[in-house]
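Structure, as structure tokens:
Numbering (our numbering), first residue to last: 1 to 96.
If you want it as structure tokens, here you go:
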């Protein structure tokens, strides 16, 4: 079975941090193929939404979901998880 980066022609740098190389990691926001084309996708600048401690950011499949207004308002809450919520890799949502 071919890996997505083989079909899409990703460069070595992108392949090195592709979530398909690191199980459990979300698709990186700068991956062209992770772009969201849904009508509900709106990038927010509202820090109250972005930093909501009740939102389950680990449930986001793509990094772009973590700053999408729809996900931040309608996405799952931390208390709704069935598992312990841990994911491999870097747990930080933002680099400040």
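All residues carry an ideal CB built from backbone N, CA and C; glycine is no exception. Here the structure is a predicted model, which is why all the values come from computation and not from measurement.
Buried versus exposed call for residue 11 [16 or more other C-beta atoms within 10 Å across all chains shown]: Around the CB of residue 11, fewer than 16 other CB atoms lie within 10 Å, so the residue is classed as exposed.
Collapsed DSSP secondary structure at residue 81 in the structure displayed: coil
Touch check for the stretch 75-85 and the stretch 28-46: three-plus C-beta pairs under 8 Å? no
Can you tell me the Cβ-Cβ gap for residue 56 and residue 29, rounded? I've got them flagged as a contact below 8 Å. Contact doesn't hold; Cβ gap of about 18 Å is too wide.
Just reading off the alpha helix (DSSP H) that residue 13 is part of, what are its end residues? Residue 13 -> alpha helix (DSSP H) spans 12-16.
Taking the continuous alpha helix (DSSP H) assigned at residue 70, which residues delimit it? Going by DSSP, residue 70 is part of the alpha helix (DSSP H) stretching over 69-74.
Kindly indicate which residue of 80, 14, 27 has the alpha-carbon position closest to the one of residue 54. Comparing Cα-Cα distances from residue 54 to each of 80, 14, 27, the minimum goes to 80.
Drop a sphere of 10 angstroms on the beta-carbon of residue 47, count the other beta-carbons inside from all chains shown, and report buried for 16 or more, exposed for fewer. exposed
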